[in-house]
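Participant:
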Amino acid sequence: MTVSLHLFAFPVNLIVGLCVVFLGWKFRKLYRDKYMTLALLLLIAVSLVQGFMPVHIAFTRMWPFVVVLTVFLIVLASRLFLKFSLAGFGLWLALWAGMLGTADASVTHVMVPRQEYARTSLPFTMRLEDFGITRYQAGEPMEYRAQVSLKDIDSREDAFDRREDAFDSREDDSDRKENSVLKTLRVNHPVNYKGHQVYLMDYNSAKGDLTDYCIVMVTRQPWRWLVFAGILLLLAGALKTFFV
Amino acid sequence: MTWDHLTYFAVAAACCWMTGSVTSFFTRKKAALWTVILYTAGILIYASFIAAFWISLKRPPLVTMGETRLWYSLFLALAGLITYIRWKYKWILSLTTVMALVFLLINILRPEIHNRVLMPALQSIWFIPHVTVYMFSYALLACTFLLALSGLIRPSLNVLPAIDKLCRAGLSFFTVGMLLGTLWAKQAWGDYWSWDPKETWAAITWLLYVFYFYLKSIRPNFHKHLYISLIVAFLALQVCWYGLQYLPSARGSMHNYALNIQQR
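Order-wise, the sequence lines are chains C and B. Anchor point for the first sequence: position 65 equals 65 in the working numbering, and the numbering is continuous, going up by one each time. Take the position in the second sequence, starting the count at 1, then add 244; the result is the number in the working numbering.
Here you go:
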């Protein structure tokens, strides 16, 4: 019952999104409060299903939920065509972009070792350079700090490099250093790299400061700016009620 | 300042709040000055405990359930006072006093003492606004719950105008708290929204309060239905706040800061 996300990869999701806008315009008579009340009830019902389910059953990624959310977006769009509101549009944009953007988003967990660059399916690779834990006096951790060097993978160059390796490995090594970027990862402070966001998730706690690897999460969300804009608009709309 | 001192401050604040609530019944029309002074004194005494507790902990007391209950009682008293000054409902102070004292009593009997230092995952500029804004909205929405209950029991009371204002403010604060949470979630967990159980129940609560406003628009005279919808929304809020830990879905919630690997 889960929606196959790859079917909705760009540009299909954009087309679906434009259809939602068109349907909202076409069925402008849905602007009435009674339709919104109904749409809200439906959305509450499917959210409750997820609310009572264990986390690993992602009901929000299944067809019933997605269909109800789409209906809600159409009803909300039809209202916005007749009477625009800041909060309403912010909510609509955040949900619309959040739903459609899921098809283009990716999450990858990578184990980043100290000695060598990690093997990943990403367009870049990482190596752990330094790991530090700052502690409170009682010994509990205050901050984790991982220095990671990031480097692009160019498949052609890589193959060429390997052939070169046989002749002069030292030169190759210095070449690699020049291409890499050194970044510091901390919890709550992700790093942006070429359209990806890199998060520090875990480390080998048995070894502490001397951990031999750290685990990072790499996300790519091309639609995130639209979601962000929607959130800001909704925030502005919510704050507006205090002043009017 | 530790949890042990809470009892003294709580007793002092409770005396102020209770005498304030009683004096509110003496005057007929406008908000009585004595009531306001007494109630404000209670709030200040109680707030000074939280401030001193904060200083001695060397971190904001917002981490454990017991600590958030501290704020809830404070904001509940504050919201009650504002409602009293603005709408002159005499009995609202008694209700908010009882509710604030119930949560204070829970804290005195079961303080859940975790004098834990602030873990890296909670060190974020979003942390304090996210939790305090939520606690304030919970307190405002608790007032709407109390008003809805009174309206349900005594239909002759017209509490809807006050409910409307409080619910509007409460929902706005709730929205702000939720959106601050989404911005934080992007920084900490990689996505604005990931249907974590706490997020799911926050969404359910939010939708239920929005539903109340639409129900009011299409059925303005069905007061009983409106009161019931507010009571249901408040129950969802309780699940979102602390009821969640009794549901099977809560296991693996990223909001569970005691269990999560990332939060070590």
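For glycine and all other residues, C-beta sits at the position ideal for the given N, C-alpha and C. Predicted model, so just to flag it, every value in this text is computed and none were measured.
Using a C-beta cutoff of 8 Å, does VAL307 of chain B count as contacting chain C?
Facilitator: With 8 Å as the cut-off, VAL307 of chain B does not count as an interface residue toward chain C.
Participant: Using three-state DSSP, classify ASN188 of chain C as helix, strand or coil.
Facilitator: Three-state result, ASN188 of chain C: coil.
Participant: By the criterion of Cβ-Cβ separation under 9 Å, what are the contact partners of ALA58 of chain C in chain B?
Facilitator: Those within 9 Å of ALA58 of chain C in chain B are TRP439.
Participant: Can you check whether the CB of SER381 of chain B is closer than 8 Å to the CB of ASP33 of chain C?
Facilitator: Not a contact, by the Cβ cut-off of 8 Å.
Participant: Using alpha carbons as the reference points, say which of B:THR341, B:TRP485, B:PHE371, B:LEU427 lies closest to TYR283 of chain B.
Facilitator: Ranking B:THR341, B:TRP485, B:PHE371, B:LEU427 by Cα distance to TYR283 of chain B puts B:THR341 first.
Participant: Name the residues in the region 323 to 341 of chain B whose C-beta lies less than 7 Å from a C-beta of chain C; which are they?
Facilitator: Listed by position along the chain: nothing, the set is empty.
Participant: Counting along the chain, where does the beta strand (DSSP E) carrying PRO141 of chain C start and finish?
Facilitator: It spans 141 to 152 - the beta strand (DSSP E) in which PRO141 of chain C sits, taken as one unbroken run.
Participant: Going by the beta-carbon positions, is the gap between GLU143 of chain C and PRO364 of chain B smaller than 8 Å?
Facilitator: Going by C-beta atoms, GLU143 of chain C is nearer than 8 Å to PRO364 of chain B.
Participant: For ILE448 of chain B, collect the residues of the same chain with a Cβ closer than 7 Å to its Cβ; drop the 5 residues on either side in sequence, then sort them by chain order.
Facilitator: Answer for ILE448 of chain B: ALA480, listed in chain order.
Participant: Cβ closer than 7 Å: which chain B residues qualify as neighbours of SER47 of chain C?
Facilitator: THR444, ALA447, ILE448, LEU451, listed in chain order.
Participant: Am I right that VAL107 of chain C and GLY434 of chain B are in contact with their C-beta atoms under 8 Å? What's the rounded C-beta distance?
Facilitator: At roughly 7 Å, the Cβ-Cβ gap stays under 8 Å, so VAL107 of chain C and GLY434 of chain B are in contact.
Participant: Taking DSSP's pairing of strands, which residues face TYR199 of chain C in a bridge?
Facilitator: Per DSSP, C:MET217.
Participant: Got a sec: is the Cβ-Cβ distance from THR419 of chain B to anything in chain C below 8 Å?
Facilitator: Output row for THR419 of chain B: interface = yes.
Participant: Spell out whether any CB of chain C is found under 8 Å from the CB atom of SER268 of chain B.
Facilitator: Chain C contact via Cβ: absent.
Participant: For SER169 of chain C, count neighbouring C-beta atoms within 10 Å of its own C-beta (all shown protein chains included) and say buried if the count is 16 or more, exposed if not.
Facilitator: Caution applies to SER169 of chain C, whose pLDDT of 47 falls short of 50 and renders its modelled position unreliable; the model cannot decide the point.
Participant: Output yes or no for whether 8 Å exceeds the beta carbon distance between LEU459 of chain B and HIS469 of chain B.
Facilitator: Yes. Within cutoff.
Participant: Whose C-alpha, out of B:ALA494, B:PRO405, B:PHE253, B:LEU410, is nearest the C-alpha of GLU443 of chain B?
Facilitator: Selected option, being the one with the closest Cα: B:ALA494.
Participant: Buried or exposed: which applies to ASP440 of chain B, given that a residue is buried once 16 or more other Cβ atoms fall within 10 Å of its Cβ?
Facilitator: ASP440 of chain B is buried by the Cβ-count criterion.
Participant: Compare the C-beta of PRO64 of chain C with all C-beta atoms of chain B and state if any pair is closer than 8 Å.
Facilitator: PRO64 of chain C does not count as touching chain B.
Participant: From the beta carbon of GLY496 of chain B, is the nearest beta carbon of chain C less than 8 Å away?
Facilitator: Chain C contact via Cβ: present.
Participant: How long is the line joining the alpha carbons of LEU427 of chain B and TRP370 of chain B, rounded to whole angstroms?
Facilitator: Roughly 8 Å separates the two Cα atoms.
Participant: With a threshold of 7 Å on Cβ separation, who are the neighbours of TRP445 of chain B within its own chain once the five nearest residues in sequence on each side are excluded?
Facilitator: Only ALA480, VAL483, CYS484, LEU488 meet the Cβ criterion.
Participant: Excluding the five sequence neighbours on either side, which residues of its own chain have a C-beta within less than 6 Å of the C-beta of LEU384 of chain B, listed in chain order?
Facilitator: Correct list, in chain order: ALA323, LEU410, ALA413, GLY414.
Participant: Measuring only between beta-carbons, confirm whether ASP130 of chain C sits less than 8 Å from chain B.
Facilitator: False, the Cβ-Cβ gap to chain B never drops below 8 Å.
Participant: With which residues is PHE124 of chain C paired in a DSSP beta bridge?
Facilitator: In DSSP, PHE124 of chain C forms a bridge with C:ASP152.
Participant: Using the C-alpha atoms, what's the distance from MET422 of chain B back to ASP209 of chain C?
Facilitator: Taking the straight line from one Cα to the other gives about 35 Å.
Participant: If you measure from the beta carbon of TYR436 of chain B to each beta carbon in chain C, is any gap under 8 Å?
Facilitator: With 8 Å as the cut-off, TYR436 of chain B counts as an interface residue toward chain C.
Participant: Which stretch, first to last residue, makes up the alpha helix (DSSP H) that contains VAL307 of chain B?
Facilitator: No alpha helix (DSSP H) contains VAL307 of chain B, which DSSP labels as neither H nor E.
Participant: Need the endpoints of the beta strand (DSSP E) that VAL266 of chain B sits in, please.
Facilitator: Not the beta strand (DSSP E): VAL266 of chain B falls in the alpha helix (DSSP H), residues 247 to 267.
Participant: Determine whether the Cβ of THR376 of chain B lies closer than 8 Å to any Cβ atom of chain C.
Facilitator: Judged by the 8 Å Cβ criterion, THR376 of chain B is not in contact with chain C.
Participant: Check each residue of the region 175 to 198 of chain C: if its Cβ is closer than 8 Å to any Cβ of chain B, include it; give the result in chain order.
Facilitator: Within the region 175 to 198 of chain C, the qualifying residues are ARG186, VAL187, ASN188, HIS189, PRO190, GLN197.
Participant: Helix, strand or coil for SER368 of chain B per DSSP?
Facilitator: In the structure shown, SER368 of chain B sits in coil (DSSP, three-state: anything other than H, G, I, E or B).
Participant: Tell me whether the beta-carbon of SER497 of chain B lies closer than 8 Å to the beta-carbon of VAL55 of chain C.
Facilitator: Closer than 8 Å, so yes.
Participant: If I measure Cβ to Cβ from GLY237 of chain C and keep anything under 7 Å in the same chain, skipping five residues before and after, which residues do I get?
Facilitator: SER85, LEU86, ALA87, GLY90, listed in sequence order.
Participant: With burial defined as no fewer than 16 other Cβ atoms inside 10 Å of the residue's Cβ, what is the status of GLY139 of chain C: buried or exposed?
Facilitator: Exposed.
Participant: When Cβ atoms are compared, which residues of the region 451 to 470 of chain B fall closer than 8 Å to chain C?
Facilitator: Going along the region 451 to 470 of chain B in chain order, one finds LEU451, LEU452, VAL454, PHE455, TYR458, LEU459, SER461, ILE462 with a Cβ nearer than 8 Å to chain C.
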